[in-house]
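Only one structure is covered here, and it is reproduced in the block below.
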Amino acid sequence: MAGIVMVFDFDKTIIEVDSDNWVVDELGATHLFNELLPTMPWNSLMDKMMSELYEQGKSIDEIKEILRRAPIHPRIVPTIKTAYALGCDLRIVSDANTLFIDTIIDHLGIKSCFSEIHTNPSYIDQQGGLRISPYVDFHTCTLGCPPNMCKGMIIEKIQASLAKEGHKRMIYMGDGIGDFCPSLKLRESDFMMPRKDFPVWDLICENRAILKSEIHEWADGKEMEKIMLKLIEKIKIQESGKMLSNEHCKSDNIPNAVLPQPLRVHQ
Ligand SMILES: [Mg+2]
Ligand SMILES: [Zn+2]
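Sequential numbering from 242 applies to the sequence shown in the numbering used here.
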């Protein structure tokens, strides 16, 4: 549906693992990563790890090969393809990086389904190693967002750009602490889909009253598919109800159609 914007987190939402951890673990560098983690922000550490591993002889091709093996639930790719085929506008907002995400979605054959990808920029430097830069150098958000990215700010930017295109309904899917801030930016007509028993779900359960959107939890790709299709159908009915209601208003002599009421469902 043209009026629906779907925003996906990437790690542990589209793929089953955290792509940073997956690459570091598969390259046998878990110990070094854990040793350095207390000394610097995650994003800077990933940049450093990539340089270190490159010096140890790990090539970009090797990293890409590892990324293509990242585990994913079998229903995720069909779900994304269906949503795209139904006309939804799909976007990714992620604290991974461009090379990791591009490599994986290209491999899965879903790259063309996404109209925008907001993530940390990565590039191959003159020596041939992968460098990862922060998405932003600074932000003032205090809602648990990492220093290099506030997803809430990204959602506000997307909302501002969509405002010119008329009324849009947003569906946001995520699992992590960094997905809590954007969930607070969603509006009453939007939908938050937190992954059950993951950090964002805990935060939402504790702070349910301050979320304006409907909340629909999901546990795996199969459930994500089921809920997403249900929400698309529900939005379609609500939007056509509104159109009908507007027509009735114009004609004056027919009572307004009864609009489906938004439900605050906890499934
Ligand atoms: Mg995630
Ligand atoms: Zn934030």
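Using N, Cα and C, we set each Cβ at its ideal position, and we do this for glycine too.
The beta-carbon separation of GLU257 and PRO312, rounded to 4 Å, stays under the 8 Å limit for a contact. Considered as a whole, the region 337-420 harbours 355-361, 363-365, 371-373 and 410-415 as its complete beta strand (DSSP E) runs of no fewer than 3 residues, in chain order.
Straight across, the Cα-Cα distance linking ALA324 with ASP261 is about 27 Å.
Summarising the contact set, residues whose Cβ lies nearer than 6 Å to any heavy atom of ligand 2 are, in chain order, CYS382, LEU384, CYS386, CYS391, GLY393 and CYS422.
Checking the 7 Å criterion, the Cβ of THR280 is out of range of every heavy atom belonging to ligand 1. Residue state for GLU474 is assigned as helix, using DSSP reduced to three classes. Just measuring C-alpha positions, the residue of GLN367, ASP443 and GLU296 sitting nearest GLU458 is ASP443. Using a cutoff of 7 Å, the CB of GLY415 counts as near ligand 1, since one of the ligand's heavy atoms is closer than that. The Cβ-Cβ distance between SER424 and VAL441 falls below 8 Å. Counted as a single uninterrupted DSSP element, the beta strand (DSSP E) harbouring ILE245 occupies residues 245-249. Counting along the chain, MET291 sits inside the alpha helix (DSSP H) bounded by residues 283-296. Cβ contact annotation for PRO388 (same chain, cutoff 7 Å, sequence separation greater than five): PRO282, in chain order. With a threshold of 7 Å, the Cβ atom of LYS437 does not count as near ligand 1, since no heavy atom of the ligand is closer than that. When C-alpha distances from CYS386 are compared across ARG372, MET433, VAL334 and THR339, the shortest belongs to VAL334. Placement of the Cβ of ASP250 at a distance of less than 7 Å from at least one heavy atom of ligand 1 is found. The C-alpha of MET390 lies about 19 Å from the C-alpha of MET290.
Cβ-Cβ distances below 8 Å link ARG372 to ASP288, MET291, SER292, SER363, TYR364, ILE365 and ASP366 in the same chain, with the five nearest sequence neighbours on each side left out; the list follows chain order. Membership of PRO435 in the beta strand (DSSP E) is indicated by the continuous run 432-435. With distances taken between CA atoms, ASP302 lies nearest to ILE345 out of ILE245, ARG436, ILE345 and GLU429.
In this structure, VAL248 places its C-beta atom within 8 Å of the C-beta atom of ARG332.
Short note on LYS453: C-beta not closer than 7 Å to any heavy atom of ligand 1. Put simply, the backbone Cα of ASN284 is about 32 Å away from that of LYS409.
Taking C-beta atoms under 8 Å as the contact rule, ASP420 and ALA337 fail to qualify, at a distance of about 13 Å. Around the beta-carbon of GLU296, fewer than 16 other beta-carbon atoms lie within 10 Å, marking it exposed. For the pair LEU427 and GLU464, the Cα-to-Cα distance works out to about 21 Å. Annotated as distal: LEU286 and LEU294, with beta-carbon spacing of 8 Å or more. The count of Cβ pairs closer than 8 Å, one atom from the region 429-438 and one from the region 265-272, stays below three, leaving the stretches out of contact.
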